[in-house]
Amino acid sequence: MSQATRWTDQRVEDIIGNLLRAGVILSALVVFVGAIVYLARHGQEPADYRIFRGEPSDLRHISGIVRDAFAFQGRGIIQLGLLLLIATPVARVAFSIFGFALEGDRMYAGFTLIVLAILLYSLLGSSLS
Amino acid sequence: MNVLEFTALVWTGSVIAGLLGSLTGLGGGVVLVPLLTLFFKVDIRYAVGASLVSVIATSSGAAAAYVKEGFSNIRIGMFLEIATTVGALLGAFLATRVSGSAIATIFGLVLLYSAYLAGRPRVRHAFDDVPDPLATRLKMNGSFPEPEGVRHYCVHRVPHGFSLMFGAGALSGLLGIGSGAVKVLAMDQAMRVPFKVSTTTSNFMIGVTAAASAGIYLNRGYIDPGLAMPVMLGVLTGSLIGTRILVKAETKSLRLVFSAIILLLGAQMLYNGVAGRI
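Residue numbers (this note's numbering), protein chains in the order written: chain A, 17 to 145; chain B, 79 to 356.
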């Protein structure tokens, strides 16, 4: 293999930087599209956030959000964009495991795995309870 | 007020919050939640959820720029993220248990403390290069580029920094803020990581910390798309403008103005929280 494929901290960090930027841009675009659909349909309705009701269950879970988004509902599309945004740091952590493993740093691959497990628990596990 | 007007106003407020946050380096989250609850009368749980989302957006956007410069230390960041994410889970669970007034009261106290931290001149400490055994085992000592050449540094008091990070994570999960000030305090003051490395690494960690509590907020129905949309897009716009004009702005006087705003908002949050009006 050529020397150009050597994995260094700097190279891993460069890829992480691009990953983060791509995630933020993509999610902002999806939120923006959802915003147009939502405002076009519901723009004239009264806005009221004084009383906490909690979101309907389809906007709380990944499967429901994806279903609503593909049904072209504005709120569903926005929520999908927000989900992509939350997933961006998770993807970054997952990629870091890969990076540490390639560098042969098992200790840090292990630490990063712990962080990923906590994030996945929050995103997926806490919805099961 | 209809949805269209509400969205436009919240977006404008969020642009200003994002702009101030990025210019002063204190983050937009600390002004967002008071803005939404005090002026737009949004329930504090919705406000915290929306703020958390915007924190992820600005942190990830800024971190993308910082990691390439070679200042942030991903090993320090990743190790301490174990503490911040566990803290964030705890904070988010706590947020689902306590009343809105309690959250507002804690928020007020944190704002007052942040104003004190921002207004206080930073204590510079002398660098000694005696390596700390634990930090060395954890491979935390690093280097960063400076005009005079590459500078090496040693990290100290890891357990102290780790426990402060747990607190930073809990505050982030409970209040929907990045708690970058506490993170920098933990690294810069407790662990004696150079300031520039502390701030960029902190930025790197904020997104992951916020993502740990955002999952719980989403599952509990605290993230409303209609509210989070203008907040996220607005803060992102504001912080993008902020990074463009950062060089020209007079940051010292700006920090003073921002501290004064935080002080006022903190007093208001505290008053409304204690009086049970939020």
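The beta carbon of each residue, even a glycine, is placed where N, CA and C say it ideally should be.
key: Coil, strand or helix - Phe-88(A) by DSSP   = coil
key: Residues of the segment 82-110 of chain B with Cβ closer than 7 Å to any Cβ of chain A, in chain order   = Leu-82, Phe-84, Thr-85
query = So, is Asn-80(B) buried or exposed, given that buried needs 16 or more other C-beta atoms within 10 angstroms?
reply = exposed
Euclidean distance between Cα positions of Gly-304(B) and Thr-85(B) = 8 Å
message = Output needed in chain order: residues of the segment 132-155 of chain B with a Cβ under 7 Å from some Cβ in chain D.
response = Absent from the structure: chain D. Protein chains present are A and B.
request  = Anything in the segment 154-171 of chain B with a Cβ closer than 7 Å to a Cβ of chain A? List those residues in chain order, please.
outcome  = Met-156, Phe-157, Glu-159, Ile-160, Thr-163, Val-164, Leu-167
task = Compare the C-beta of Glu-119(A) against all C-beta atoms of chain B and say whether one is closer than 8 Å.
result = no
ask   = Is the Cβ of Met-79(B) closer than 8 Å to any Cβ of chain A?
value = yes
query = Among the residues of its own chain, which have a CB less than 7 Å from the CB of Ala-268(B), if the five just before and after it don't count?
reply = Arg-235, His-238, Gly-239, Leu-242
ask   = Which of the residues in the segment 303-317 of chain B, read from start to end, lie with their CB under 7 Å from any CB of chain A?
value = Pro-303, Gly-304, Leu-305, Ala-306, Met-307, Met-310, Leu-311, Leu-314
inquiry  = Going by C-alpha to C-alpha distance, which of Ser-317(B), Gly-247(B), Thr-162(B), Val-228(B) sits closest to Leu-97(B)?
reply    = Ser-317(B)
query = How long is the line joining the alpha carbons of Lys-330(B) and Glu-226(B), rounded to whole angstroms?
reply = 25 Å
inquiry  = What does the Cβ neighbour count give for Leu-101(B), buried or exposed, with the cut at 16 atoms within 10 Å?
reply    = buried
task = Under the assumption that Gly-197(B) contacts Pro-105(A) (Cβ atoms under 8 Å), give the Cβ distance between them as a whole number of angstroms.
result = That pair is no contact at about 31 Å.
key: Endpoints, alpha helix (DSSP H) assigned at Gly-103(B)   = Counting along the chain, Gly-103(B) falls outside any alpha helix (DSSP H), and DSSP gives it neither H nor E.
request  = Please confirm whether Ser-138(A) and Ala-290(B) have their CB atoms less than 8 Å apart.
outcome  = yes
message = Please give the ranges of any alpha helix (DSSP H) in the segment 211-283 of chain B, keeping only runs that are unbroken, at least 4 residues long and fully inside the region.
response = 211-215, 236-253, 258-262
ask   = Taking Cβ positions, are Leu-168(B) and Ala-248(B) nearer each other than 8 Å?
value = yes
For Ile-67(A) and Ala-180(B), the rounded distance between their alpha carbons = 16 Å
Secondary structure, alpha helix (DSSP H): runs of 4+ residues fully inside the segment 149-192 of chain B = 152-173
Short-range partners of chain A found in the segment 242-258 of chain B, where Cβ spacing is below 8 Å = none
inquiry  = Is Met-269(B) a contact residue of the ligand SAH, with contact defined as CB to any heavy atom under 7 Å?
reply    = Annotation note on the ligand SAH: not contained in the displayed structure, which lists no ligands.
Reference Tyr-54(A); option with closest CA among Leu-75(A), Ile-81(A), Tyr-65(A), Arg-91(A) = Arg-91(A)
key: Proximal residues of chain B, C-beta to C-beta of Gly-80(A) below 9 Å   = Correct list: empty, because the minimum Cβ distance to chain B is about 11 Å.
Under 8 Å from the C-beta of Leu-55(A): neighbouring residues of chain B = Val-81, Leu-82, Thr-85
query = Pro-303(B) by DSSP, collapsed to three states: which one?
reply = helix
inquiry  = Could you compute how far the alpha carbon of Ile-356(B) sits from the alpha carbon of Leu-216(B)?
reply    = 44 Å
Unbroken alpha helix (DSSP H) run spanning Tyr-65(A), endpoints = Careful: Tyr-65(A) lies outside any alpha helix (DSSP H) and carries neither H nor E.
key: Where Asp-121(B) meets chain A, residues with beta-carbon distance less than 7 Å   = Tyr-65, Arg-66, Ile-67, Phe-68
query = Taking the alpha carbon of Leu-212(B) as the point to measure from, which residue in Ser-337(B), Phe-157(B), Leu-195(B) has its own alpha carbon closest?
reply = Phe-157(B)
query = What in chain B is Cβ-close to Leu-135(A), meaning under 8 Å?
reply = Thr-163, Val-286, Ala-289, Ala-290, Gly-293
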